[in-house]
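One gets the numbering used here by counting positions in the sequence shown from 1 and adding 3 to each. The structure under discussion appears below in the form of structure tokens.
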Amino acid sequence: MRRLTLVPVLVAVAALALAGCAQDFGHGPEGRVTEKSKDGKKFYLVVDPTKEGKEKKFRVSNDYHDCYRGSKYPKCIDD
């Protein structure tokens, strides 16, 4: 009987753990991607929204692989 109550608990814990893996960091400012960087498993894009050298670095998830230097953000994630 005790094993039957443990199974739903383990399933719930596994589902919560998997849900935490898919993080959404939101969107950064619109502009040209000037740099991409990676710190371990953390991915960052650097965007110059004004073309005046006032770059903004922000953390992203899958957008890192979709956007290249010189591409327009956030259009590069929609293409």
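Yeah, the Cβ is synthetic: ideal placement off N, Cα and C, and Gly gets one too.
Query                                                                                                                                                       : Result
Quick check on DSSP: helix, strand or coil for residue 69?                                                                                                  : helix
Between residue 58 and residue 39, what straight-line distance do the alpha-carbon atoms span, to the nearest angstrom?                                     : 12 Å
Below 7 Å CB to CB, which residues in the same chain sit around residue 80 once its five sequence neighbours on both sides are set aside?                   : 66, 69 and 70
Using the rule of at least 16 other Cβ atoms within 10 Å of the residue's Cβ for burial, across every protein chain shown, is residue 94 buried or exposed? : Given a span of 4 to 82 for the chain in the structure shown, any question on residue 94 remains unanswerable.
Figure out for me which residue from 82, 61 and 76 has the closest Cα to the Cα of residue 42.                                                              : 61
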